[in-house]
Structure formats: C-alpha cells, structure tokens
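Since the structure comes first, as structure tokens, the remarks are kept for the end.
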Amino acid sequence: MTDKQIKVLVVCGGVSTEREVSLRSGKAIYDALVRRGYSNAVLFDLTGDNIGEIVAIRPDIVFLGLHGKGGEDGCIQGFLELAGIPYTGPGVACSAVCMNKILTKRILRDAGIPTSPFTALRKDQCGDIKALTATLAEKVGFPMVLKSPCQGSSIGVVMAKTEAEIPSAVEEVFKYGDELLAEQFLDGTEVTLPIMGNEEPVTLPVIEITSEREFYDYTAKYTNGLCHHIIPARISEQDRVKVCEAGAAAYRVLGCCGLSRVDFIIDKVKGPMVIEVNTLPGMTDMSLFPDAAREVGMSYEDLVEKILEYGLAARRDLDR
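The working numbering numbers the first residue of the sequence shown as 2 and each following residue consecutively.
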C-alpha cells in the first residue's frame with residue numbers, strides 16, 4: 002500500500018503540440034489523487050522555463066501527465082534521473098525510441114513483430130518531388146500514410162491516395178520536423194492494447210476504435226461524438242490472441258514499464274500489425290487507457306494509484 006503522505010508532483014502541460022491535452026490529463030490525475038487522500042499532491046504546469054522548480058519542490062515521485070516532445074521522448078525522464086527523482090512510466094531509452102516511429106518500426110521489424118512496410122527519408126533527400134514520388138510509389142505504394150515520426154495524437158499524419166497528393170502531404174509533414182515516415186496503408190479495423198506493469202506486465206482488454214472522420218486524427222480523438230471506443234473489440238478470438246501476443250512482445254522488446262499502449266490495425270489481408278507504441282497514454286475523460294481499466298473493474302482512481310505504485314517500485318536504481 003502506498004504511503005498517502007508522500008509528495009506526488011503531477012507534471013503536465015509542457016511545450017509540445019499536445020499541451021492542451023496534457024493539461025487535461027494532468028488535472029484528471031491530480032483530482033484522482035486528491036480523492037484518494039494524497040494530501041501532498043501538487044499539480045505542476047511545465048512551461049519550459051520553470052523546470053528547475055521541480056528540483057526545488059523535492060517530490061517523492063513525479064507523476065508524468067505530459068504528452069509529445071519534451072514529455073514522452075526521454076527528455077524529462079533524463080532530467081528526473083539526474084535529479085534523483087523517481088517518476089511514472091517508461092525510462093529514458095524506451096521513451097526516446099517509442100517517440101520516434103522510425104526507430105520503433107525498425108526495432109519491431111528486426112524483432113519479427115508484425116508492422117506495415119515502410120520507408121524513412123530526411124528532408125534533404127526530398128528536394129526533387131518527382132524523384133521522391135517515384136521512390137515512395139516503388140517502396141510503399143498507394144494509398145500510403147505519411148507521418149512526422151516524432152509527433153503524437155496523429156499530428157503531422159497525412160494520407161496520400163495518389164501521386165498528385167504527395168507534394169502537399171510532404172509539405173504538411175515537414176512542418177513538424179526534418180524526417181518523414183511513409184507507411185503502406187492498412188485497410189482494416191483499428192484497435193489498441195493497453196498494457197501495465199514492470200517485470201510482469203498485464204494486458205487490459207483490446208479496444209476497437211471507430212472514427213467519424215477519414216481516420217482517427219487529432220480532431221476525432223478529442224472531440225465528443227467523433228470517435229467511439231468499443232469494448233470488447235469486434236474481432237475474432239484468433240486476432241485478439243495475436244494482438245495480445247504481439248503487444249506484449251513489443252512492450253518487452255522496447256523496454257516499456259509502468260504503462261504503455263500498443264496501437265494496431267488488423268489488416269483484412271495481413272492480420273494484426275503494430276502501428277506505434279505510446280509510452281504516456283492520454284488520461285483524459287475521453288482517453289482509451291481509463292476505458293480499458295474500467296472494463297476490468299478498475300476505477301480511474303484505481304488506475305492512477307496503480308501507475309503510481311509501478312513508478313515507485315521501479316525506482317530505476319536512483320541514488321537519492
């Protein structure tokens with residue numbers, strides 16, 4: 002049982018494109034801790050220039066409610082480790098790799114975990130749009146999905162169905178960085194697998210995701226009525242088993258701990274394919290992870306406290 006007198010600093014906000022969602026996640030986490038009797042819980046809005054205040058506060062643990070760059074990419078994790086402060090969620094290496102979809106897919110591919118065919122390019126390789134289009138058509142094929150590899154919440158994700166759509170799609174992706182990931186479009190059911198735990202991770206129910214938009218983009222994720230979470234997912238038992246096995250394998254090979262969420266598309270031909278791994282999943286009232294926890298009888302407060310326990314248990318060999 003966790004000592005409820007410990008000082009828990011809920012860090013949210015940040016400077017990424019997902020700041021507003023992070024603020025909502027952080028407030029929900031903080032409120033849950035207060036309801037559970039953590040009287041020393043503190044809500045902290047990280048703005049970039051106030052990061053030193055975290056050390057001054059001297060929390061017993063930081064509960065990370067951050068999303069996107071600076072939060073999920075290993076930066077804040079590295080800072081906390083240098084400061085000797087435990088935190089929730091995966092460590093530096095796992096966070097950095099999973100934030101970069103190109104690195105994630107290379108590791109998944111090398112580990113034999115199913116993921117869609119892809120190619121990766123830098124901005125300096127994409128000056129000749131005709132040559133680029135020909136390369137993408139040859140290596141990936143149409144339709145394809147173009148992504149900025151280090152964004153979250155489907156920001157910087159564009160679908161290109163024809164060669165004519167490539168120039169505008171590439172331009173949109175490069176608004177968010179200098180790398181581009183092109184993936185073969187998968188036609189099928191989108192599902193996600195929430196997983197929690199350290200040495201012995203546990204899979205939660207598979208969730209089917211449907212969207213009122215062309216795909217499950219930022220607007221669909223955070224606008225009431227534009228997306229639906231279906232539990233249990235309307236998939237075959239065979240596919241459910243494959244999703245759980247591939248998700249657990251990805252969790253282990255990438256070094257996840259505490260919690261992570263593995264996203265899939267169950268392609269009509271290829272079957273379940275891992276799309277990406279989210280190391281600090283959303284914790285808002287519209288988020289997937291709390292939905293899956295509720296399905297197994299775990300309240301939002303239960304979930305928050307369990308994540309806190311995993312963070313305290315990991316401790317990451319810090320010399321405090």
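The beta-carbon is built from N, C-alpha and C at its ideal position, and this holds for glycine as well.
From a predicted model like this one, the values you see are computed outputs, not experimental measurements.
{"Check": "Which residues mark the beginning and the end of the beta strand (DSSP E) in which Pro150 is found?", "Outcome": "No beta strand (DSSP E) holds Pro150; DSSP gives it neither H nor E."}
{"Check": "Taking Lys124 as the reference, which of Pro206, Val171, Ile58 has the closest Cα?", "Outcome": "Val171"}
{"Check": "Can you check DSSP and say which residues form a bridge with Met160?", "Outcome": "Val146"}
{"Check": "Should Leu147 and Glu184 be called a contact, given that it needs their Cβ atoms to be closer than 9 Å?", "Outcome": "yes"}
{"Check": "For Asp320, count neighbouring Cβ atoms within 10 angstroms of its own Cβ and tell me buried if that reaches 16, exposed if not.", "Outcome": "For Asp320, the predicted structure reports a pLDDT of 40, less than 50, and the residue's modelled location is therefore unreliable. A value from the coordinates is still provided. Counting Cβ neighbours within 10 Å, Asp320 comes out exposed, since fewer than 16 surround it."}
{"Check": "Rounded to the nearest angstrom, what separates Leu10 and Tyr88 at their Cα positions?", "Outcome": "9 Å"}
{"Check": "From Gly90 to Gly298, what does the alpha carbon distance come to, in whole angstroms?", "Outcome": "22 Å"}
{"Check": "Hey, quick one: how far does the beta strand (DSSP E) through Thr193 stretch, first residue to last?", "Outcome": "189-198"}
{"Check": "If you draw a straight line from the C-alpha of Arg59 to the C-alpha of Thr204, how long is it?", "Outcome": "33 Å"}
{"Check": "Quick one: what does DSSP say Pro291 is sitting in, helix, strand or coil?", "Outcome": "helix"}
{"Check": "What does the alpha-carbon distance come out to for the pair Cys13 and Leu83?", "Outcome": "19 Å"}
{"Check": "Could you give the residue range of the alpha helix (DSSP H) that holds Pro168?", "Outcome": "167-174"}
{"Check": "What does Val263 pair with, by DSSP beta-bridge criteria?", "Outcome": "Leu194, Val278"}
{"Check": "Which residues bound the alpha helix (DSSP H) around Glu82?", "Outcome": "76-84"}
{"Check": "Going by DSSP, what residues sit across from Leu10 in a beta bridge?", "Outcome": "Val43, Val63"}
{"Check": "Quick one: Cα of Ile62 to Cα of Val244, how far?", "Outcome": "33 Å"}
{"Check": "With a threshold of 16 other CB atoms inside 10 Å of the CB of Val270, please say whether the residue is buried or exposed.", "Outcome": "exposed"}
{"Check": "Quick one: measure Cβ to Cβ for Phe265 and Leu182, integer angstroms, because I've assumed they're closer than 8 Å.", "Outcome": "Phe265 to Leu182, Cβ: 17 Å. No contact."}
{"Check": "On the DSSP bridge list, what partners appear for Gly272?", "Outcome": "Asp268"}
{"Check": "Using a threshold of 9 Å, state whether the C-beta atoms of Glu296 and Pro202 are closer than that.", "Outcome": "no"}
{"Check": "Helix, strand or coil: how does DSSP classify Ser300 here?", "Outcome": "coil"}
{"Check": "Cα-Cα, which of Tyr31, Gln6, Ile77, Thr136 is closest to Asn51?", "Outcome": "Ile77"}
{"Check": "Rounded to the nearest angstrom, how far is the Cβ of Ser26 from that of Thr211, given a contact under 8 Å?", "Outcome": "Contact doesn't hold; Cβ gap of about 22 Å is too wide."}
{"Check": "Tell me the DSSP secondary structure of Glu184 in three-state form.", "Outcome": "strand"}
{"Check": "Measure the alpha-carbon distance for Glu246 versus Lys106 and round it to whole angstroms.", "Outcome": "17 Å"}
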